[in-house]
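Enquirer: So that we are looking at the same thing, I have put the structure below in structure tokens.
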Amino acid sequence: MRSFLLALLAGGASVFAFSPFELFVLALPALAVFAWQLQRAARVGDGFLLGLAWGFGAFAAGISWLYVALNRYGGMPMPLAALAIALFCAYLALYPALAGALFVRLRSGGALARAGLFAALWLVAEWLRGVVFTGFPWLAIGYTQTPPSPLAGFLPLIGVYGVGGLVAFLAAGLAFVRWNRLRAAMPAMALGALLLGGGAALRTVAWTAPVGPPLSVALVQTNFEQSLKWNPEHFVDVLRANAQLVRDTEAQLVVLPETTLPTLMDRLPEGYLELLRGFVREHGGDLVLGVFRTERDDAAGEASDGLRIYNAAISLGDGPMQTYAKQHLVPFGEYSPPLFGWFYRLVDIPMSDQTRGAPDQPPMTLGGQRIALNICYEDLFGAELVRALPQATLLLNLSNLAWYGNSLAQPQHLQIARVRALETGRPMLRATNTGMTAVVQPDGSVAAVLPEFERGVLRAEVRGYQGMTPYAHWGDRAALGIAALVLAALLLRRRSG
668 MRSFLLALLA GGASVFAFSP FELFVLALPA LAVFAWQLQR AARVGDGFLL GLAWGFGAFA
728 AGISWLYVAL NRYGGMPMPL AALAIALFCA YLALYPALAG ALFVRLRSGG ALARAGLFAA
788 LWLVAEWLRG VVFTGFPWLA IGYTQTPPSP LAGFLPLIGV YGVGGLVAFL AAGLAFVRWN
848 RLRAAMPAMA LGALLLGGGA ALRTVAWTAP VGPPLSVALV QTNFEQSLKW NPEHFVDVLR
908 ANAQLVRDTE AQLVVLPETT LPTLMDRLPE GYLELLRGFV REHGGDLVLG VFRTERDDAA
968 GEASDGLRIY NAAISLGDGP MQTYAKQHLV PFGEYSPPLF GWFYRLVDIP MSDQTRGAPD
1028 QPPMTLGGQR IALNICYEDL FGAELVRALP QATLLLNLSN LAWYGNSLAQ PQHLQIARVR
1088 ALETGRPMLR ATNTGMTAVV QPDGSVAAVL PEFERGVLRA EVRGYQGMTP YAHWGDRAAL
1148 GIAALVLAAL LLRRRSG
């Protein structure tokens, strides 16, 4: 029980390696404790339980903000909301549990061989967590390695899962190498120094280059309180506030956040969108905003209202309206997985029956740039964002994290955006309801950010970028290929030995 408790605490401590704390070095001892305990585990089942404990500690500490959405805004009773979060954390913990069980089953060889096995299994387990059942890759350990971490230099090459594998390899080296024997530890020290030094050198490489003149942008943080935003009594106030913010903001590109207009687009008051269009035309600019868009479904049948609902973004300006519909929906928040209709009888989530957007939507052409949009949770999926490259010169994220209150969700999401900027070699612009509205540069640095939970406008000049990073070419295939080669080599060696 002491071992499982230690694993639980080490998993919980890993949260301090993520934003807003950003103690990226802590990711190594947090994983090293797990690897060290796996090395001592006698049975495969012990490895599974140690991984379950580590994972549960990490997710319970790191995504507890989901409780706010279910209880405060979704109306789920406190005990049921707590149980739902606990079950979700237990599910997510199955992936490190799988890695732990397989490590105990397959471990062999010297310290570096075992470290390679642990890293490859960890990488594959995190990737699986990011794709199975549409995926939930939040808190992938590679997100801890944003600048100034030297490992950030590898993000444009092998992405967040590959960097997570490097973190796991270094952590396992700390756990497995006999550091009291200097000669035996020398190869591990040299390899660790090579990885850290190589990553630092890679941070100086510019994989992409600026293109076109600077674009003036105004990213609006509306700060609508979640419970009031969807209250019909406040609907007119929300529309007026949005209109006033657009009227008072001058830039080539003005951006309002996700679902800033909390209704279906065809139910807006007549002339409202034309009013917004007129404001930005006065300044010679364009507006991008979030709203729910509908489309007639002719195949739905007479018994249905025949409408598909999309979480969408639209552009308004001198040119024709351009649209984007969210492709990667949030399970339980934006659509119901099969057999989970009962969940929606326990919560009250507006617009929770949505349709996926097409996977091949082109970037918007605005202000002389090609802007690839993603909405909220979509920027967790780097392999999906690179589909817009090389055409896109800028990335734009519209979000509404008001569902999660004043929590770790906002800074964690900004850190995810920093990784996407590094992977793609493109600036990432973020317009959010309550935070964090920011401009992220292609090197992962935050050029400007607004305070959370304040209404304001972030004004900046940004350049578009062209070119392709290695990750933009390969996606997650490179990291998975490396993990597969390591596992194949170790298994062949184990069989021949």
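Each residue of the sequence shown is one higher than the one before, starting from 668 at the first, in the numbering used here. C-beta atoms are modelled at their ideal positions from N, C-alpha and C, and glycine is treated no differently.
Less than 8 angstroms between the beta carbons of Leu1040 and Leu1063, yes or no?
Expert: yes
Enquirer: Determine the extent of the alpha helix (DSSP H) in which Ala1095 is found, giving its start and end residues.
Expert: For the sequence presented, residue 1095 should be read as Met rather than Ala. Met1095 -> not in any alpha helix (DSSP H); beta strand (DSSP E) instead, spanning 1095-1099.
Enquirer: Which class does Gly1123 belong to by DSSP, given the choice of helix, strand or coil?
Expert: strand
Enquirer: Count the other CB atoms, across all protein chains shown, that sit within 10 Å of the CB of Trp846; report buried if there are 16 or more and exposed otherwise.
Expert: Classification of Trp846: exposed, given that the 10 Å Cβ count is below 16.
Enquirer: Is the separation between the beta-carbon of Pro1030 and that of Ile1038 shorter than 8 angstroms?
Expert: yes
Enquirer: Whose C-alpha, out of Ala760, Leu761, Ala787, is nearest the C-alpha of Leu773?
Expert: Per the Cα distances, Ala787.
Enquirer: State yes or no: is the C-beta of Val884 within less than 8 angstroms of the C-beta of Val922?
Expert: yes
Enquirer: Does the region 793-804 come close enough to the region 1084-1104 that 3 or more CB-CB pairs lie under 8 angstroms?
Expert: no
Enquirer: Which two residues bound the contiguous beta strand (DSSP E) that contains Met668?
Expert: Where Met668 is concerned, there is no enclosing beta strand (DSSP E), given that its DSSP letter is neither H nor E.
Enquirer: Less than 6 angstroms between C-beta atoms, sequence neighbours within five positions excluded: which residues of the same chain meet that for Arg1130?
Expert: Pro877, Pro881
Enquirer: May I have the straight-line CA-CA distance separating Asp713 from Arg960, to the nearest angstrom?
Expert: Straight-line Cα distance between these residues: approximately 50 angstroms.
Enquirer: If you reduce the DSSP assignment to three classes, tell me which class Asp1110 lands in.
Expert: Asp1110 falls in the coil class under three-state DSSP.
Enquirer: Would you kindly work out how many angstroms separate the C-alpha atoms of Leu1147 and Phe755, rounded to a whole number?
Expert: 26 angstroms
Enquirer: Are the beta-carbon atoms of Leu996 and Arg975 separated by less than 8 angstroms?
Expert: no
Enquirer: Tell whether a beta-carbon distance below 8 angstroms holds between Leu1047 and Trp805.
Expert: yes
Enquirer: If the criterion is Cβ atoms closer than 8 angstroms, does the pair Gly952 and Leu920 meet it?
Expert: yes
Enquirer: Would you kindly report the start and end of the unbroken beta strand (DSSP E) that includes Thr930?
Expert: Annotation for Thr930: the continuous beta strand (DSSP E) segment containing it runs 928-931.
Enquirer: Among the residues of its own chain, which have a CB less than 7 angstroms from the CB of Ala855, if the five just before and after it don't count?
Expert: The residues are Ala778, Leu779, Gly840, Val844.
Enquirer: Determine the extent of the beta strand (DSSP E) in which Ser894 is found, giving its start and end residues.
Expert: Unbroken run through Ser894 is the alpha helix (DSSP H), 893-896; no beta strand (DSSP E).
Enquirer: Look at the alpha carbon of Phe836 and the alpha carbon of Phe785, and state the distance between them as a whole number of angstroms.
Expert: 7 angstroms
Enquirer: Within 7 angstroms: the Cβ of Gly1034 and any heavy atom of the ligand NAD?
Expert: The ligand content of the structure shown is nil, which means the ligand NAD is not present either.
Enquirer: Out of Val1053, Gln1082, Phe1120, which has the shortest C-alpha to C-alpha gap to Gly1092?
Expert: Measuring from the Cα of Gly1092, the nearest candidate turns out to be Val1053.
Enquirer: Kindly indicate which residue of Ile981, Leu672, Leu1154 has the alpha-carbon position closest to the one of Val791.
Expert: Leu1154
Enquirer: How close, in whole Å, do the beta carbons of Gln706 and Ala842 come, if the pair is a contact with beta carbons under 8 angstroms?
Expert: Under the criterion of beta carbons closer than 8 angstroms, Gln706 and Ala842 qualify as touching, at roughly 6 angstroms.
Enquirer: Might you give, ordered along the chain, the residues of its own chain that have their beta carbon closer than 8 angstroms to the beta carbon of Leu675, omitting 5 neighbours on each side?
Expert: A distance below 8 angstroms between beta-carbons, with the five flanking residues on each side excluded, links Leu675 to the following residues of its chain, in chain order: Ala720, Trp721, Phe723, Gly724.
Enquirer: Go through its chain and collect everything with a Cβ distance to Glu962's Cβ below 6 angstroms, but skip five positions before and after it.
Expert: Arg975
Enquirer: Is the number of C-beta pairs between the region 903-915 and the region 1103-1114 that are closer than 8 angstroms three or more?
Expert: no
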